[in-house]
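Undergrad: What follows is a single structure, and I will ask about it in a moment.
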Amino acid sequence: MYHHPDLPHPHLPRSQGLGDGLARQLAEWISGGGAGPGERLPTEKQLVERFGVSRAVVREAIARLKADGFVETRQGAGAFVAARPGQGSFKLGSMADDDLNHVFDLRAAVEAKAAELAARRRLPEDIAAIRAAYQAMQQALQSGQAGAEADDAFHAAIAAASGNPHLGRFLDYLAGQFSASRALTWSADAIADGRAAASQAEHAAILLAIEAGDTAAAAIAATCHVENATRRAKENTPC
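Residue -17 is where the sequence shown starts when you use the numbering used here, and the numbers rise one by one after that.
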């Protein structure tokens, strides 16, 4: 059995995938100074022996660490700790209450600015795209179907209308993570008890403010929408 003096004691909770568990444990080890920037990680074989997992699990963990910016891989040489471990990517937390609050805070900041800029810079084709997504959500609501994809498209169209390509790319990058918070609006229960309808009314306010070119109203409408979405997600009631 391989033993690295600084590696953490193997403890992989079965409540999460083995690859995720190993990646999390190694990330904590790296963050705690177990291996410094540029230092080579133990080999795949050594990690298999230390943690009692398969090579597939180790490869999955290394791939996750690479995606999260903790390690860099070099062909034929193995995995090495990144120069700035964990800072090469951006990843939101879970949908637990504390993380959910932080996700919605971030949404409020970027979506309010996107709406403000969209109201100032929107072109006719931008308005058409925003309205098309709004109408798709309206049709979903009327038919009792989930409109989460249309909701994502609505906010993506607003980001595009901002005219700021960096803001648009940033929101594209976060789209999948923000989508999880928006999906709460389109659950079967949320549609049945009126939360989805309340959200759609707020989408209408954002759309109308952008169409009117009212930057202040657009920012306020977007901020109120996210604040209300936060309450609905936590309290299960529209405010």
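Heads up, the beta-carbon is just placed ideally off N, CA and C, and yes, glycines get one too.
(1) Mind checking who residue 56 pairs with in its DSSP beta bridge?
(2) Might you give, ordered along the chain, the residues of its own chain that have their beta carbon closer than 7 Å to the beta carbon of residue 94, omitting 5 neighbours on each side?
(3) Going by the CB atoms, is the gap between residue 112 and residue 190 shorter than 8 Å?
(4) From the DSSP output, in three-state form, read off residue 89 for me.
(5) Below 7 Å CB to CB, which residues in the same chain sit around residue 130 once its five sequence neighbours on both sides are set aside?
(6) Considering just the uninterrupted stretch of the alpha helix (DSSP H) at residue 106, what are its terminal residues?
(7) Determine the contact status of residue 52 and residue 110, defining contact as a CB-CB distance below 8 Å.
(8) To the nearest angstrom, report how far apart residue 199 and residue 134 are at their CA atoms.
(9) Given this structure, state the Cα-to-Cα distance separating residue 106 from residue 90, to the nearest angstrom.
(10) Quick check: what's the CA-CA separation for residue 86 versus residue 3?
TA: Inspection of the coordinates gives the following:
(1) The residue given as residue 56 occupies position 74 in the sequence shown. Answer by DSSP bridge pairing, in chain order: 60.
(2) As a working note, residue 94 is residue 112 in the sequence shown. Around residue 94, the same chain offers 201, 204, 205 as residues with beta carbons nearer than 7 Å, after the five sequence neighbours per side are excluded.
(3) Start at 1 with the first residue of the sequence shown, and residue 190 comes out as number 208. Start at 1 with the first residue of the sequence shown, and residue 112 comes out as number 130. With contacts defined as CB atoms closer than 8 Å, residue 190 and residue 112 fail to qualify as a contacting pair.
(4) The residue you call residue 89 lines up with position 107 of the sequence shown. Note: residue 89 maps to helix in three-state DSSP.
(5) Indexing the sequence shown from 1 puts residue 130 at position 148. Cβ within range, chain order: 161, 164, 165, 168.
(6) Looking up residue 106 in the sequence shown gives position 124. Here the alpha helix (DSSP H) through residue 106 covers 106 to 125.
(7) Residue 52 sits at position 70 when you count from the first residue of the sequence shown. Residue 110 sits at position 128 when you count from the first residue of the sequence shown. Residue 110 is positioned such that its CB atom lies no closer than 8 Å to that of residue 52.
(8) Sequence index remark: in the sequence shown, residue 199 carries index 217 (1-based). Sequence index remark: in the sequence shown, residue 134 carries index 152 (1-based). Rounded to whole angstroms, the gap between the alpha carbons of residue 199 and residue 134 is 21 Å.
(9) Taking the first residue of the sequence shown as 1, we reach residue 106 at position 124. Taking the first residue of the sequence shown as 1, we reach residue 90 at position 108. Looking at the backbone, the Cα of residue 106 and that of residue 90 are separated by about 25 Å.
(10) For the purposes of this step, residue 86 is taken as the residue at position 104 of the sequence shown. For the purposes of this step, residue 3 is taken as the residue at position 21 of the sequence shown. Cα to Cα, the separation comes out at about 27 Å.
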